[in-house]
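Numbering (our numbering), first residue to last: 470 to 822.
C-beta atoms are modelled at their ideal positions from N, C-alpha and C, and glycine is treated no differently.
These notes concern the structure reproduced below.
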Amino acid sequence: MLQVHLQCRSGAGLLLSTSALIPIKFNYKPSSPSLNIDESDCKMWEKYCLRPTQGTISTSIPVFVYGTAWKKDRSADLVYTAIKAGFRAVDTAAQPRHYQENLVGDGIRRAIADGIVGRADLYVQTKYSPVSAQDPANMPYDPAATVTDQVHASIKSSLHNLHSKVDPDSVNDAYIDTVIIHSPLSTLAQTLEAWHALETYVPHRIRNLGISNCTLPILRELCTSSHTTVKPSVVQNRFYEDTLFDVPLRAFCRENQIIYQSFWTLTANPDLVRSQPVQQLARHVKITPAAAFYTLVMGLKDVAVLNGTKNESRMKEDLAAPKQVEDFTQKQPDLWQQILAEFRGLIGESTSM
Numbered sequence: 470m471l472q473v474h475l476q477c478r479s480g481a482g483l484l485l486s487t488s489a490l491i492p493i494k495f496n497y498k499p500s501s502p503s504l505n506i507d508e509s510d511c512k513m514w515e516k517y518c519l520r521p522t523q524g525t526i527s528t529s530i531p532v533f534v535y536g537t538a539w540k541k542d543r544s545a546d547l548v549y550t551a552i553k554a555g556f557r558a559v560d561t562a563a564q565p566r567h568y569q570e571n572l573v574g575d576g577i578r579r580a581i582a583d584g585i586v587g588r589a590d591l592y593v594q595t596k597y598s599p600v601s602a603q604d605p606a607n608m609p610y611d612p613a614a615t616v617t618d619q620v621h622a623s624i625k626s627s628l629h630n631l632h633s634k635v636d637p638d639s640v641n642d643a644y645i646d647t648v649i650i651h652s653p654l655s656t657l658a659q660t661l662e663a664w665h666a667l668e669t670y671v672p673h674r675i676r677n678l679g680i681s682n683c684t685l686p687i688l689r690e691l692c693t694s695s696h697t698t699v700k701p702s703v704v705q706n707r708f709y710e711d712t713l714f715d716v717p718l719r720a721f722c723r724e725n726q727i728i729y730q731s732f733w734t735l736t737a738n739p740d741l742v743r744s745q746p747v748q749q750l751a752r753h754v755k756i757t758p759a760a761a762f763y764t765l766v767m768g769l770k771d772v773a774v775l776n777g778t779k780n781e782s783r784m785k786e787d788l789a790a791p792k793q794v795e796d797f798t799q800k801q802p803d804l805w806q807q808i809l810a811e812f813r814g815l816i817g818e819s820t821s822m
């Protein structure tokens, strides 16, 4: 499976002192990290390893991450179906406007209770969403609270929603593989404040941190600032023409062991799905154009793709595609490189990158 790269939006502001940040204490005994594996086991088309944080073993992330936005009352059933179909990564958010995080947790718990997976088999990812991204009538925290307190309340809610067992006491052992800041806050100082609050949970309650909807200047700040102790492991951005397909940002991610997570991949790119290299790959591998497009995005290196399909048959088709394309790359490596080069040309990415 493929990994994902983080992206950040530019911002301005002074670095914020962390002296006032006080971590919430939980009755917690560290459990075995989820999907923690030897990095030699991580490989393209199967899974990638996130950079180890705080001395822990790398967490692996599948090439496909099941996206749960806008699933509403169907969230639990669709998450269960996705896991049953083969998804081993789930993305959600503490943002009731677009996600039902509690129902996502219900779907995960049902899959675990039915013996389909164990918690350690899953990569579970959620987000802290700033006030600007929330429904004013339904937030997981007090909007008048400090950013630090908002983060703590959001994480407390997420740990409750995403605990792995029906037993409510299991929340004491709950952990989240990655928490992402849903978007940079209004100033760099506030973004750093949120980041520092999240750092207090790493590596036990939270394994990794990331950021979404963000540009290269902010990502670079998070990576290079002497005020951050945990560096970004993932970036989740729209992969589309308006951002020039994040070519420089993705290059930065590759250079800094950051997995880029692509979302809005199909929706934003109908012309690319119809493009010659995508259609050619689909014909040769005998997969759908959508699946061919997904795998070409994965072929850009260190990219994981969010997939939110509600159709069980399509879930299985998409999940099977990376292995089918891997077989094709081994049987016809020159043709694969030709198709990939044409695709990279369409998105303005040099073949030397």
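Limits of the alpha helix (DSSP H) - the one that N776 falls within: From DSSP, N776 is part of no alpha helix (DSSP H) but of the beta strand (DSSP E) over 772–776.
Shortest alpha-carbon distance to D642 belongs to which of I649, S655, V600, L628? L628
Return yes when the Cβ of E668 is within less than 9 Å of the Cβ of T697, no when it is not. yes
Out of L691, R719, L815, which has the shortest C-alpha to C-alpha gap to D740? L815
Drop a sphere of 10 angstroms on the beta-carbon of N607, count the other beta-carbons inside from all chains shown, and report buried for 16 or more, exposed for fewer. exposed
Pull the bridge partners of R557 from the DSSP assignment, please. The partner list for R557 (beta bridge, DSSP) is empty, contrary to what the question assumes.
Using a Cβ distance threshold of 8 Å, determine whether the stretch 671–681 contacts the stretch 518–532, with at least three qualifying pairs required. yes
Just verifying my parser: in three-state terms, what is the DSSP assignment at T764? helix
Please state whether the Cβ-Cβ distance between I552 and G576 is less than 9 Å. yes
Contact set for Y610: own chain, Cβ-Cβ below 6 Å, skip 5 residues either direction: Q619, A622, S623
Would you mind stating whether A602 and S652 have Cβ atoms separated by less than 9 Å? yes
Rounded to whole angstroms, what is the Cα-Cα separation between A589 and A558? 11 Å
Alpha carbon to alpha carbon, how far is Y592 from S527? Give it in angstroms, no decimals. 12 Å
Pair within 9 Å by beta-carbon distance, L519 and A545: no
Beta-bridge partners of F812, as assigned by DSSP: Looking at the DSSP assignment, F812 forms no beta bridge with any residue, so it has no partner.
Residues that Q619 bridges to, as DSSP identifies them: Paired residue(s): none; Q619 is not in a bridge.
Within 10 Å of its beta-carbon, does W664 have 16 or more other beta-carbons around it, so buried, or fewer, so exposed? buried
Put G817 into one of helix, strand or coil per three-state DSSP. coil
Using only CA atoms, which one of A720, V699, V747, V772 lies nearest to F732? V772
On the CB-based measure, 16 or more other CB atoms within 10 Å of its CB, does D787 come out buried or exposed? buried
Between the stretch 789–799 and the stretch 560–569, can you find at least three pairs of beta-carbon atoms closer than 8 Å? no
Would you report the Cα separation of A760 and L657, rounded to the nearest angstrom? 38 Å
How would you label W865, buried or exposed, when you count the other beta carbons within 10 angstroms and need 16 or more for buried? Because the chain in this structure spans residues 470 to 822, residue 865 falls outside the shown range and cannot be described.
Using the C-alpha atoms, what's the distance from Q594 back to S695? 26 Å
Out of curiosity, what's the CA-to-CA distance linking N738 and K770? 19 Å
Cutting at 7 Å between CB atoms, please list the residues of its own chain near I585, excluding the five before and the five after it. I552, K553
What residues are listed by DSSP as bridge partners for V703? G679, I728
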